[in-house]
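Since the structure comes first, as structure tokens, the remarks are kept for the end.
There are 2 protein chains.
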Amino acid sequence: MSDEQVAAPTNRRRISQRGIATRDRILEAANRLMLVRGVNATTLDDIREASQTSKSQLYHHFADKQELVRALVKYRGALVLQRERAGLERLRSFSGLVRWRNALVQANSLNNGKYGCGLGSMALELSDQDEQARSSLSETFAAWEKLISDGLHRMQDSGLLRQDADPEKLATGLMAALQGGYLLANASHNIAPMEVALDMALEHIRSFLAQPSGEPTR
Amino acid sequence: MSDEQVAAPTNRRRISQRGIATRDRILEAANRLMLVRGVNATTLDDIREASQTSKSQLYHHFADKQELVRALVKYRGALVLQRERAGLERLRSFSGLVRWRNALVQANSLNNGKYGCGLGSMALELSDQDEQARSSLSETFAAWEKLISDGLHRMQDSGLLRQDADPEKLATGLMAALQGGYLLANASHNIAPMEVALDMALEHIRSFLAQPSGEPTR
DNA sequence: GGTTTCCTGGACTGCTTGGTCCTATTTCGG
DNA sequence: CCGAAATAGGACCAAGCAGTCCAGGAAACC
Chain A
7 MSDEQVAAPT NRRRISQRGI ATRDRILEAA NRLMLVRGVN ATTLDDIREA SQTSKSQLYH
67 HFADKQELVR ALVKYRGALV LQRERAGLER LRSFSGLVRW RNALVQANSL NNGKYGCGLG
127 SMALELSDQD EQARSSLSET FAAWEKLISD GLHRMQDSGL LRQDADPEKL ATGLMAALQG
187 GYLLANASHN IAPMEVALDM ALEHIRSFLA QPSGEPTR
Chain B
7 MSDEQVAAPT NRRRISQRGI ATRDRILEAA NRLMLVRGVN ATTLDDIREA SQTSKSQLYH
67 HFADKQELVR ALVKYRGALV LQRERAGLER LRSFSGLVRW RNALVQANSL NNGKYGCGLG
127 SMALELSDQD EQARSSLSET FAAWEKLISD GLHRMQDSGL LRQDADPEKL ATGLMAALQG
187 GYLLANASHN IAPMEVALDM ALEHIRSFLA QPSGEPTR
């Protein structure tokens with residue numbers, strides 16, 4: 007997880023507030039541009055211009071484009087996890103899951119399904135190209151799924167979810183439905199497939215509730 | 007669907023067997039290379055070399071790289087639909103769906119989940135970049151889902167599937183689980199998430215079977 | 001068999017892009 | 001306040017890229 011080993015030969019480096027601000031500005035611009043254009047289609051000059059910096063600053067903070075992309079993977083992963091933690095760490099009921107679903111759908115509907123999930127799009131673009139980025143993304147997905155499965159475990163402990171439910175598998179299925187939903191929504195410019203996919207996954211989870219609320223399942 | 011309107015100003019064009027063969031060779035090479043490297047990361051020189059052709063032939067058969075990519079989208083879409091038609095057009099039972107699932111998982115396990123679905127990876131890479139490619143991909147996904155929903159309709163007509171099941175939504179959910187499964191499998195280099203996702207979708211479909219107990223094998 | 005049209009080969013070009021370098025300015029410890 | 005290191009600016013470079021061009025074959029039609 008640490009990334010200090012990339013330090014220059016002259017290992018001792020002072021770091022100023024201004025430097026940190028510049029680095030953040032670069033990452034923020036890269037995040038924005040690469041989300042809408044894709045990683046490979048975004049040039050360093052685009053980023054330089056959008057971040058109001060210069061070439062030397064890019065290469066002062068990042069060894070090369072690949073390092074910038076890897077830093078972006080972690081940056082974006084941290085953003086997503088932070089957002090998701092806020093929405094999932096108190097998850098204790100099925101209706102909480104529904105609220106979580108609605109928030110994701112609503113956010114994605116703001117741009118008609120375009121751009122998809124920031125992590126998912128990077129995953130498909132980078133997985134076969136940069137092993138380090140792939141494994142970093144994989145870790146982020148795992149952490150995201152764990153936020154979900156932790157909530158399901160809490161529901162299990164409180165008796166809401168049956169003991170024979172497998173929270174890890176349920177979380178994986180939900181994540182796959184979410185990512186697949188993002189993808190189909192992006193391709194069709196229509197969020198309906200995303201809703202259908204998420205509802206399928208939620209219905210599957212509901213079938214493991216201790217007291218099947220709502221519609222009978224047979 | 008016709009693509010003859012791209013003909014040159016001198017509209018009448020003779021076409022020889024050799025020309026067709028060259029065009030196919032180019033598409034085949036592009037298909038192969040762009041699957042593993044991604045569309046944007048594959049250069050025309052890569053394709054030229056892999057297809058044993060020359061620059062002039064590339065530009066003789068395709069106006070530019072974008073046109074080549076668009077042709078590839080249709081080419082790959084036709085391949086997938088052909089393959090899927092073979093596996094789905096006779097679908098009449100739940101066990102047929104299971105066999106279909108197993109075939110996809112097995113195919114993907116051959117490369118440890120790498121590369122994902124040829125359509126899905128293009129979808130995320132091109133949807134925000136080339137409107138024409140996006141809509142073409144969207145049509146292919148719709149046709150693919152229809153192959154599934156047609157099978158589910160047959161199951162419904164024969165009384166296997168309950169009348170209150172919605173074959174279109176079930177097909178969409180299954181497709182999302184498949185695509186999300188591909189994505190997670192690709193990111194983790196592990197096909198387990200794909201299996202879990204597909205099993206969730208199949209379980210969801212099974213919950214709509216007329217006789218909900220164990221799977222009937224016919 | 002001759003001519004027209006299609007097909008092929010590959011050298012060439014101009015632009016974009018990632019990456020380098022040198023100089024100027026700011027920051028900060030002492 | 002002084003020097004050293006960090007930060008910034010932006011011109012510059014070489015490689016890689018999509019796309020052009022033209023001359024020489026190969027088909028096909030008469």
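Sequence order for the protein chains is A and B.
7 is the number of the first residue of the first sequence in this note's numbering; add one for each residue after it.
7 is the number of the first residue of the second sequence in this note's numbering; add one for each residue after it.
Yeah, the Cβ is synthetic: ideal placement off N, Cα and C, and Gly gets one too.
Being a predicted model, the structure only gives us computed values, none of them experimental.
Considering only B:112, B:77, B:149, B:62, the residue with the shortest C-alpha distance to residue 94 of chain B is B:149.
CA-to-CA, the gap between residue 119 of chain A and residue 112 of chain A works out to about 10 Å.
Per the DSSP secondary-structure output, residue 167 of chain A pairs in a beta bridge with A:215. Around the CB of residue 165 of chain A, fewer than 16 other CB atoms lie within 10 Å, so the residue is classed as exposed.
Within chain A, 134 have C-beta atoms less than 7 Å from the C-beta of residue 121 of chain B, given in sequence order. The C-beta distance from residue 158 of chain B to residue 184 of chain B rounds to 15 Å, too long to meet the 8 Å contact threshold. The DSSP-derived three-state label of residue 98 of chain A is coil.
In the structure shown, the three-state DSSP call for residue 147 of chain B is helix. The beta carbon of residue 41 of chain B lies closer than 6 Å to those of 121, 124 in the same chain, with the five residues before and after it left out. Residue 187 of chain B: member of the alpha helix (DSSP H) spanning 173-194, first to last residue.
Here residue 197 of chain A carries a coil assignment [DSSP, helix/strand/coil]. In the structure shown, the three-state DSSP call for residue 53 of chain A is helix. Residue 129 of chain B and residue 189 of chain A do touch by the CB rule: their CB atoms are close to 6 Å apart, below 8 Å. Following the DSSP letters along the chain, one finds residue 62 of chain B inside the alpha helix (DSSP H) bounded by residues 61-67. Between residue 203 of chain A and chain B, the shortest Cβ-Cβ separation is below 7 Å. In this structure, residue 179 of chain A sits near residue 207 of chain A, with a CB-CB distance shorter than 7 Å. By the rule that beta-carbons nearer than 7 Å mark a contact, residue 178 of chain A touches chain B. Here residue 154 of chain B is buried. Its C-beta has 16 or more other C-beta atoms within 10 Å. At a Cβ-Cβ threshold of 7 Å, residue 39 of chain B and residue 28 of chain B do not count as neighbours. At a cut-off of 7 Å, the C-beta of residue 84 of chain A has no neighbouring C-beta in chain B.
Within the same chain, Cβ atoms closer than 8 Å to the Cβ of residue 194 of chain A are found at 119, the five residues on either side in sequence being excluded. Per DSSP, reduced to three states, the secondary structure at residue 23 of chain A is helical. Residue B:205 holds the alpha-carbon nearest to the alpha-carbon of residue 110 of chain B among B:215, B:205, B:216, B:214. At the C-beta level, residue 32 of chain B and residue 57 of chain B come within 7 Å of one another. Under the DSSP assignment, residue 133 of chain A falls outside any alpha helix (DSSP H); it carries neither an H nor an E label. Inclusion of residue 75 of chain A and residue 45 of chain A in the CB contact set at 7 Å is warranted, their separation being smaller than that value. Identification of chain A residues near residue 147 of chain B by a Cβ-Cβ cut-off of 8 Å yields 190, 193, 194, ordered along the chain. With a cutoff of 7 Å on beta-carbon distance, residue 191 of chain A and residue 203 of chain B are scored as not near each other. In the same chain as residue 63 of chain A, and ignoring 5 residues on each side of it, the C-beta atoms closer than 6 Å to its own belong to 28, in chain order. Closer than 7 Å to the CB of residue 27 of chain B there is not a single CB belonging to chain A. When the beta-carbon positions are compared, residue 79 of chain A and residue 142 of chain A come within less than 7 Å of each other. By the beta-carbon neighbour count (other beta carbons within 10 angstroms, threshold 16), residue 26 of chain A is exposed. By the C-beta density criterion, residue 151 of chain B is buried, having at least 16 other C-beta atoms within 10 angstroms. Within chain B, the residues 206, 207, 209, 210, 213 have their CB atoms less than 9 Å from the CB of residue 210 of chain A, given in chain order. For the options A:144, A:197, A:145, A:133, the alpha carbon positioned closest to that of residue 115 of chain A is the one of A:197. Looking from the CA of residue 170 of chain A, the closest CA among A:138, A:215, A:81 belongs to A:215.
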